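Participant: Provided herewith is a single structure, encoded as C-alpha cells, for subsequent inquiry.
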Amino acid sequence: MPQFAILHHTLPQGFQRPSHWDLMFEWGDALRTWAIEQTPDSAESQTALALPPHRLAYLTYEGPVSGNRGHVARWDEGHYTVEVADDQRLICAVQGQRLSGRIELIRQSESLDTWLYQFFRNRSA
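For the sequence shown, counting from 1, position 65 maps to 1339 in this note's numbering; every step adds exactly one.
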C-alpha cells in the first residue's frame, strides 16, 4: 500500500504564509501535496491549497526546510488506499498513527489550486 505523511510546517515569523500542515500522498515517484491551516483531524471542512509535488524523502524527513522556510515535524504517517482519484476529487481511506478514516479532497475551482479538505473518522476509532 502507498504511504502518506502529514507534517506540521512551522514557518519563520513574518513569512507570507502562516504555519500549516502539509498533507502528502505517495503518488508514483513524488508526493501529491496540499497545505491545510487547521489540524488534520478537525471535524470541520477546510480549504486545502494544492502545492507542487514534493520529494519522497518528506515521507520520513523531519527538520529544517531549505531556503530558511521553517521546520517540519511529523504529525502523522501511515498507509492509504485510493477510493476515487480524478481531476476533481481525491478520496482515500487512511490508516495512520493518529488518523483512521477517510480523507476527501474536492477541487473548488478549475483555474485555482483550491480544494476542500474533510476528514471522516472511522466510527470504531
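Quick reminder that beta carbons are idealized off the backbone N, C-alpha and C, glycines included.
None of the values given here were measured: they were computed from a predicted structure.
What's the C-alpha gap between A1317 and F1393?
Facilitator: As a working mapping, residue 1317 is identified with position 43 in the sequence shown. As a working mapping, residue 1393 is identified with position 119 in the sequence shown. Annotation: A1317 to F1393 spans about 6 Å, alpha carbon to alpha carbon.
Participant: Please classify V1358: is it buried, with 16 or more other beta-carbons within 10 angstroms of its beta-carbon, or exposed?
Facilitator: Within the sequence shown, the letter at position 84 stands for residue 1358. With fewer than 16 other Cβ atoms within 10 Å, it is exposed.
Participant: Does A1399 come out as helix, strand or coil in the three-state DSSP assignment?
Facilitator: On the sequence shown, residue 1399 is found 125 positions in, with the first residue counted as 1. Caution is warranted here: a pLDDT of 49 is assigned to A1399, below 50, making its placement in the model unreliable, and the coordinate value is therefore given only provisionally. A1399: coil per DSSP, three-state reduction.
Participant: With a threshold of 7 Å on Cβ separation, who are the neighbours of W1308 within its own chain once the five nearest residues in sequence on each side are excluded?
Facilitator: Position 34 of the sequence shown, counted from the first residue, corresponds to residue 1308. Excluding sequence neighbours, W1308 sits near L1297, A1322, L1323, A1324, L1325, L1379, W1389 and Y1391.
Participant: Per DSSP, Q1371 is paired with what?
Facilitator: In the sequence shown, the residue the question calls residue 1371 occupies position 97. None; Q1371 has no bridge partner.
Participant: Cutting at 6 Å between CB atoms, please list the residues of its own chain near P1338, excluding the five before and the five after it.
Facilitator: Locating residue 1338 in the sequence shown gives position 64, counting from the first residue. H1345, listed in sequence order.
Participant: Going by beta carbon distance, what residues of the same chain come within less than 6 Å of H1282, once the five residues before and after it are set aside?
Facilitator: Here residue 1282 refers to the residue found at position 8 of the sequence shown. Only W1295, A1347 and W1349 meet the Cβ criterion.
Participant: Could you tell me which of R1397, I1365 and Q1362 sits nearest to S1374, measuring between CA atoms?
Facilitator: For this step, residue 1374 is matched to residue 100 along the sequence shown. If we check each option's Cα against that of S1374, R1397 comes out closest.
Participant: With 16 other CB atoms within 10 Å as the buried threshold, where does V1401 fall?
Facilitator: Here the chain comprises residues numbered 1275 to 1399, so residue 1401 is not present and cannot be evaluated.
Participant: Leaving out five residues on either side along the sequence, give the residues of the same chain with a beta carbon under 7 Å from the beta carbon of S1319.
Facilitator: By one-based count along the sequence shown, residue 1319 stands at place 45. The residues are L1390, Y1391 and Q1392.
Participant: Which of the three DSSP states, helix, strand or coil, is assigned to R1291?
Facilitator: Looking up residue 1291 in the sequence shown gives position 17. DSSP places R1291 in coil when its eight states are reduced to three.
Participant: Spatial neighbours of T1334 within its chain, please: CB distance less than 6 Å, with the 5 preceding and 5 following residues excluded, ordered by chain position.
Facilitator: Start at 1 with the first residue of the sequence shown, and residue 1334 comes out as number 60. Within the same chain, T1334 has no close Cβ partners at all.
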